[in-house]
Every structure is written in structure tokens, then in C-alpha cells.
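Asks: Can you read through this structure? Questions will come right after.
Protein chains in written order, with this note's numbering: chain A, -14 to 379; chain B, -14 to 379.
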């Protein structure tokens, strides 16, 4: 049988990161290529206790069908938390529980975009989202990143000139992969432009809660008085990614279509996982837990940055971060980035070639991404020593 | 803000069943409208024990990111089970774990169909699948059901004359809502037609394992030597729907696109739920569990059928079933079906109007669907008494 695939998926390929991750299963390879949270950041004892309580007190609720919007006590808890702690979401907004923030990207794009419509993305940006958008055959338009966030002139030019611009996708905090945090001034300017051109902002914030230094900057959604912003949150970095839980806070009318799309996609998210998240947020000290994991990431980020300062000798530079999971590195001009990444993996350190994060992977790119949350301290030390030797050869 | 939705979701509405289910939360309403498995069919003690063991032995595996294809031990277990017990799947096929069988429908349609392509469905059929297909703006073509399955003449006519026919969707066992099981002869004829016209068969089999009487009929996938069949299985009726676990067995090349679509949809399904299903299938007597739940459904189905025989006086007829969760009833000619369903809910018994299951809901329909798995025996008795009184008034 010769299979004919739809136009939207025909050219869709597994993410380049996944291809590189294959090397990480080779014996002895140190992976700076993943994006997994540190396992020591998982509240294992608490989840063990909670799970036992749920299976003792509410087993039928945990096993039966539930509603598409999500487990009501969890929705109420997250909604109240985001309003009180982050001023995010109003009476005009609804909240639904999703299968990670990834599903917010998938369903929002499906709800708003026809094939050929334009979605503006930061360049570089998260490959999982790029592929979600590609899977609806939209036209992706990348806008360059600056140290304080997206380039506003390019952004307005794109909004003005591209055809049927429906969404702007942004990760304002500790952007994956660049590590860049958008300034408050730019957040407001981006909102103003989106309003002017009638573009929905999809604000993806998986890393906001793991800021380990500096001052929190308000979410774009916190000044959304016009119903322009779909805010995507995630439990993957603050609880556990294996539970596959995220959420969308969005204007009710827009969310109603996203809910119908979720209903036909998976009916609802795993209810046991939702009940675990609810009990974790309400019966334990969530703020103290966040403080604990921020310390873990502070330590790991600074270990990697300190090693980079010592070992890269200024040849390989990076964007310093105050949160998130990644360091975005730049090779000197004239160095072949893909060749460097290949030599690194041959020396048993896996990093991700930066072009994987571009709308157009064929564009020139001198960057690669390193993750500091997954490796142990010892692996961080060893891997950075190897990259340091490669750096010295440049 | 005025929202502009994509063409594919603009006319998409929550399922009519969900609207009717709203009545079921009214005090005192007996619901024959749901499709929930009987809670007494859940292996609560086993899941409680398993969950405690996972959180004791493998908590990090249960909480960390995993691979899109699914938890490898579960994939291997289901694959071996389906091959040995149901002769379903070969070396040419792969198996992925999904968020219920619902996700198989969503991702297969996304992978194979452009907007406007034709998908052939049984008429009536499962509304969740109809809406999944509608959400990709395909052209749905309904083919009438006969007591032994889909009408073959209409099916061939549709395959021959409709534009870009990409898929045929069928539920061969205890079809939802009609309760009809396709004969072996028709299964073979359907396969031959699909091969002749190059159409992919999506075989949805959520109820096959809960046959409580009669002989099992081989799955269409069991004679798929040409790579034509995507088989969708589910844990919702044999374990617990709240876990949101299903699977697809399909030709590897076709499955590779479905996997990429799943990667961008939700990364992977909840790993704790997958580990629970794996341990349940391997550490407990799965066959004995199936025997136990078949007895539950045998009892409930026969209770409802016996009451219908006693109380409907032949005015309201139904298709007798040997499995599944539903009875499909027909009102006498001249009776207004929607009026009957409305009067039933006013009398505090909710059933689902049959037109909800049609490709074109505006077509004339004398049917309604009743579920026997969710109500208690007492509710079955009370509800059927009420419907019996309404029947007597016809």
C-alpha cells in the first residue's frame, strides 16, 4: 500500500532534538541535549502519599470518565492561584486543564488558523511548538530575538505585511532555547502591537515559576484587558512532566472552541494526574516546594555558567540566565556549528544544534543549546571539561 | 475582540450528548444517556496496590518525561496480547499508546485527510468520532447499517463516487449506538472493497473484549495483509476510562506520521497511567478480570432487555446485544422521536436522541440510545418503568 498523507503532515518530521537524543542512549554519552527537569526536583514522597490517599478515598472518581474542561477542584485552585499570585486571568477568562502546555499550542492553532495563515514566532524558539504549528500547515514567520526580547520593528513589519497573521507565539520568561527574558516595556509594546493588528498572543510560560534570581516580570496576560492573550501554563517543571498536565487561561469565547477541540482529541486529561496536582497544590506548601526547586536550578545553572566562564575562555559565549533550564551558546564566526556539535557527540557530550530551533533550519546559525537540569553535577563537570577542550581547539 | 475561528472548527459544537447530559445532573434524573463503564467493573483494589508499588519502586520513571510511542513494557505487552489472543497485528505493524481510542481517530484523520476529503462512516455511529473528523473539515459520508453491519452496496457506491475517499470508519463489535456486530462475511467484503478502492479502514474496537455471549468474530485487522487497517483499542472499558489509555496497531509507515502528530499534540500519554495498565496486564489475571466484568455487563444488559420486553409491549423495539454498553431503540412510525426524548427527560429519564449519531443530524430518525452500564439495577428498573408508561401512551 502506498500511503498518501495530508498536506499538513506530509513534510512533518520527528524533531531534530529527538534524533540527537538517540545518541544520548549510547553508553557513556553525557547529555546536555535533553530538557527534562531534575529528578531531584520531583516531590516524590508527597506524590506517593497523595496517590495512596486518592486511591483510598476517591478511587472511582480517579478511574471514571470526567469532564473535558478538567477536574473542577484543580481548575478552581489554579485559577485562584494565578489570579492572586500572578494577576493572570479575569472574570472574562476561563481555564482548562490540558495534556501539558504542548496541547495548548496544538489546540489553539487548530482553533484559530487555516492552512496558509501566518503565525509569528520568536527566532529561535521551542521546536515542539514550531512542529505543532507546522502540523496545521500554517506559514511560520520568525522574528529575531534581542537581549530584552523580540525585535519590535521586525514584529510590526511582520504583522503589517504577512498574510492573515493570526497568532504571535512567545515565551517571555527564560525563553527556550535562548534563555532571554522579555522586558516589561517590550511586553507592553508587544501587547499594543497585537491589539493594533488584531493578533492573538499565545504566551507560553513553562519556566516563569523557576526564576531563581532577579525580579518577576508581570505576564503579558496580566494586562490583557482586550481578550487578546491565551496564557499557557504547565505542571511539567513545577511538579512532574510525566503527569502531562498544563493549562490554558484564555477569553471564554475563544476557549469554548479549544474545549471542543480537546473533547475530540482526548475527551479529557488523565483524572488521577489531575487529582494528584490538585492535592499537591492544596495540601502541601506549594510556595516552599517552588523555593526548594529554584535552589536546585540556581545551583545547576551557576555550576554550568561558572564552568563555561572557566573553560570556554571567551571563545564560546552564552546568554546568562536567571531561570529556566537552558544555556544558549554562540560559537565564534567562521566555526562550523554542526561540525562542532558532531565532534562534541563523538567526544560523548550531546548538545542541540541551534538551527533546530529556527523556522527555517537551513538559515546560518552559530548557536547550540545546553541543558543544565538533567545532568548530575559530576556529568556537568565532565561534559564541560570535554567541551572546554573542543573550545580550546577552535 | 471579535474572534475569527478556523474553517475547520467554526461550526464545531459540543456534542449533543453532552447537552443532554446536563439534564442528568438535575436532582432525581436517571441517566440512560451516558456511556460510562460500570464503576463496579473497575479493579480498584488491584489499581490501588499497583499504584503504591509503582510509587515505591519506580517513582522517577512515573514522573519524568517519556517517549511519544508509549511506555515500552506496555507496548510490548499489548502487542503480544493482541497477536496471541486476537491474531491482530504483524511484523509489518507498529503499536503506539494513545490518550484513549479517541486520539487514534483524531491523529489518523489529521495524518491522512485534507479538508474536503471524504471519510465514510457507518450511519449511525459514535458521535465523538464524527466530531473528531468534523474538526478537520472533511466531508463525511454516512452509509446505512443493516443487522449484520454496513450496507455493502452503498459502501461501494460511496467509495466509487465520492471525492478523495481516504478512510472508512467502522466499529465492528457492538457498534455505538446501534449495538450491531458485523458478520465475518461482511468484514471480509469490507476489506476487499477497501483494497479495491485504496481506502484505509479505521477499525475501532472499544467493546470487543466485553462480549458477554456468543462467539468472537475475528477483527478486520486480523486479515490485513495489505497494510490497510488502523486498529484502535482502548483500556476504557477493560480497565478504567479515567486513565485515558488506548492504542493503535497500524502499518509502521502510516504510524510514523501518527507518532509525529502525537508528539506535537501531547508529547506522550501520562506515564503513571501507562505503568498501571502494564502492571495490571502482567501481574494480575487479565483473562479472569475480563470474565468478571463480562458477567456484570451480561447482567445489566439482560436486565434492561427483559424490562424492555415486559414494559414496551412491542411498541418500542430494540436490537438485542451480546456485548457493549448500549441498546438502540426504535419508536413506531409517526411518533415524534425528539418529543419522546423530551418527555422522557421531563419524567426524569435521560436517553440520547438517535439523530445525534448521524452525519446529518437533520435527517429523519425514529431511534434513541439507552445505556445499561452506568445505572444501578434499581435505576434500571425505575427508569424502564417510566419509559414503559410513556410507551403505553404512544
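A virtual CB, placed ideally from N, CA and C, is assigned to each residue, including glycine. Given the structure is predicted, the values throughout are model-derived calculations rather than measurements.
(1) To which residues does DSSP link residue 96 of chain A through a beta bridge?
(2) If the cut is a Cβ gap below 8 Å, which residues of chain A does residue 95 of chain B touch?
(3) Can you name the start and end residues of the alpha helix (DSSP H) that residue 61 of chain B belongs to?
(4) Evaluate contact between the stretch 231 to 251 of chain B and the stretch 260 to 270 of chain B, counting only Cβ atoms and requiring at least three cross-stretch pairs below 8 Å.
(5) Residues in the same chain with beta-carbon distance under 7 Å from residue 328 of chain A, minus the five sequence neighbours each way, listed in chain order, please.
(6) For residue 78 of chain B, count neighbouring C-beta atoms within 10 Å of its own C-beta (all shown protein chains included) and say buried if the count is 16 or more, exposed if not.
(7) Strictly below 7 Å CB to CB, what residues from chain A border residue 246 of chain B?
(8) Could you check whether residue 258 of chain B and residue 80 of chain B sit closer than 8 Å to each other, using their CB atoms as the reference points?
(9) Below 6 Å CB to CB, which residues in the same chain sit around residue 162 of chain A once its five sequence neighbours on both sides are set aside?
(10) Thinking C-beta only, is residue 135 of chain B closer than 8 Å to residue 175 of chain B?
(11) Let me make sure I understand the geometry here. Which of B:117, B:17 and B:245 has the alpha-carbon closest to that of residue -2 of chain B?
(12) Compute the beta-carbon to beta-carbon distance between residue 92 of chain A and residue 250 of chain A, rounded to the nearest angstrom, for a pair I have assumed lies under 8 Å.
(13) For residue 249 of chain A, decide whether its Cβ has a neighbour in chain B, counting only Cβ atoms nearer than 8 Å.
(14) When the Cα atoms are used, what is the spatial distance from residue 366 of chain B to residue 85 of chain B?
(15) Does chain A have any CB closer than 8 Å to the CB of residue 88 of chain B?
(16) I'd like the span of the alpha helix (DSSP H) that includes residue 362 of chain B, first residue to last.
(17) Note down, in chain order, each residue of its chain lying with its Cβ closer than 8 Å to the Cβ of residue 72 of chain B, except the 5 sequence neighbours on either side.
(18) Residue 253 of chain B touches chain A at which residues, Cβ-Cβ below 8 Å?
(19) In whole angstroms, what separates the C-alpha of residue 22 of chain A from that of residue 226 of chain A?
(20) At 7 Å on the CB atoms, spell out the chain B contacts of residue 50 of chain A, in chain order.
(21) Under a CB-based cut-off of 8 Å, is residue 196 of chain A close to chain B?
(22) Which term fits residue 142 of chain A, buried or exposed, when burial requires 16 or more other beta carbons within 10 angstroms of its beta carbon?
(23) Under the rule that 16 or more other beta-carbon atoms within 10 Å means buried, what is residue 395 of chain B, buried or exposed?
(24) From residue 69 of chain B to residue 96 of chain B, what does the alpha carbon distance come to, in whole angstroms?
(25) Closer than 8 Å, CB to CB, is residue 98 of chain A near chain B or not?
(26) So with Cβ pairs under 8 Å, would you call residue 36 of chain B a contact of chain D?
(27) Anyone know if the C-beta pair for residue 153 of chain B and residue 123 of chain B falls short of 8 Å?
(28) Kindly indicate which residue of A:284, A:224, A:61 and A:151 has the alpha-carbon position closest to the one of residue 103 of chain A.
(29) Given a cut-off of 8 Å, decide if residue 344 of chain B and residue 127 of chain B are closer than it, judged by their beta-carbon atoms.
(30) Write down every uninterrupted run of the beta strand (DSSP E) in the stretch 173 to 247 of chain B whose length is 3 residues or greater and which is fully enclosed by it, in chain order.
(31) So, helix, strand or coil for residue 24 of chain A, using DSSP?
(32) Leaving out the 5 sequence neighbours to the left and right, which residues in its chain are closer than 8 Å to residue 295 of chain B when beta-carbon positions are compared?
(33) Looking at C-beta atoms only, is the number of pairs between the stretch 333 to 342 of chain B and the stretch 295 to 310 of chain B that lie closer than 8 Å three or more?
(34) What are the start and end residues of the alpha helix (DSSP H) that includes residue 282 of chain B?
(35) Rounded to whole angstroms, how far is the Cβ of residue 165 of chain B from the Cβ of residue 189 of chain B, which I believe are closer than 8 Å?
(36) Out of A:248, A:221 and A:219, which one is the CA nearest neighbour of residue 229 of chain B?
Replies: According to the structure data:
(1) The partner list for residue 96 of chain A (beta bridge, DSSP) is empty, contrary to what the question assumes.
(2) -9, -7, -6 and 120
(3) 57 to 71
(4) no
(5) 375
(6) buried
(7) Residues of chain A whose Cβ lies closer than 7 Å to the Cβ of residue 246 of chain B are, in chain order, -6 and 120.
(8) In this structure, residue 80 of chain B lies away from residue 258 of chain B, with their beta-carbon atoms at least 8 Å apart.
(9) 109, 311, 313, 342 and 354
(10) Taking the C-beta atoms as reference points, residue 135 of chain B is found nearer than 8 Å to residue 175 of chain B.
(11) B:117
(12) 7 Å
(13) yes
(14) Rounded to the nearest whole angstrom, the CA to CA distance from residue 366 of chain B to residue 85 of chain B is 32 Å.
(15) yes
(16) 362 to 377
(17) Beyond the five residues adjoining it in sequence on each side, residue 72 of chain B comes within less than 8 Å, by CB distance, of 203, 204 and 207 in the same chain, given in chain order.
(18) Within chain A, the residues near residue 253 of chain B are 229.
(19) 8 Å
(20) 21, 226 and 227
(21) no
(22) exposed
(23) This structure does not reach residue 395 of chain B, given that chain B is present from -14 up to 379, and the question cannot be answered.
(24) 29 Å
(25) yes
(26) The question asks about chain D, but that chain is absent: this structure's protein chains are A and B.
(27) no
(28) A:151
(29) yes
(30) 185 to 189, 214 to 219 and 231 to 236
(31) Residue 24 of chain A: helix per DSSP, three-state reduction.
(32) 373
(33) A contact between stretches requires three or more CB pairs, one per stretch, nearer than 8 Å, and the stretch 333 to 342 of chain B fails this requirement with the stretch 295 to 310 of chain B.
(34) 271 to 296
(35) Their Cβ separation, rounded to whole angstroms, is 13 Å, which puts residue 165 of chain B and residue 189 of chain B out of contact at 8 Å.
(36) Of the candidates A:248, A:221 and A:219, the one whose C-alpha sits nearest the C-alpha of residue 229 of chain B is A:248.
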